[in-house]
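Right, one structure below, let's go through it.
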Ligand SMILES: [Cu+2]
């Protein structure tokens with residue numbers, strides 16, 4: 130889905146992201162914090178960056194498991 134990065138926490142590998150509606154997970158468009166899993170290039174997560182992301186709901190919360198520039 131399409132997403133725009135608002136802020137990133139490099140130390141904790143989390144990103145504050147505005148995402149489009151995500152009906153599979155019951156969410157409308159919103160801004161929220163995601164865990165960015167190991168293996169996803171954290172350098173893509175710059176404030177203002179437009180990304181295509183893939184998200185799952187893991188035990189620790191919602192996680193970005195794939196990201197690429199739009
Ligand atoms: Cu959300």
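Residue numbers (the working numbering): 130 to 199. The C-beta atom is built at its ideal place from N, Cα and C for all residues, glycine as well. Predicted model, so just to flag it, every value in this text is computed and none were measured.
Bridge partners of residue 196 according to DSSP: 182. Of the residues assessed, residue 143 falls on the buried side of the cut-off, its CB having 16 or more other CB atoms within 10 angstroms.
Not one heavy atom of ligand 1 sits closer than 7 Å to the Cβ of residue 145.
Secondary structure of residue 133 (DSSP, three-state): strand. Residue 148 and residue 140 have their C-alpha atoms roughly 22 Å apart.
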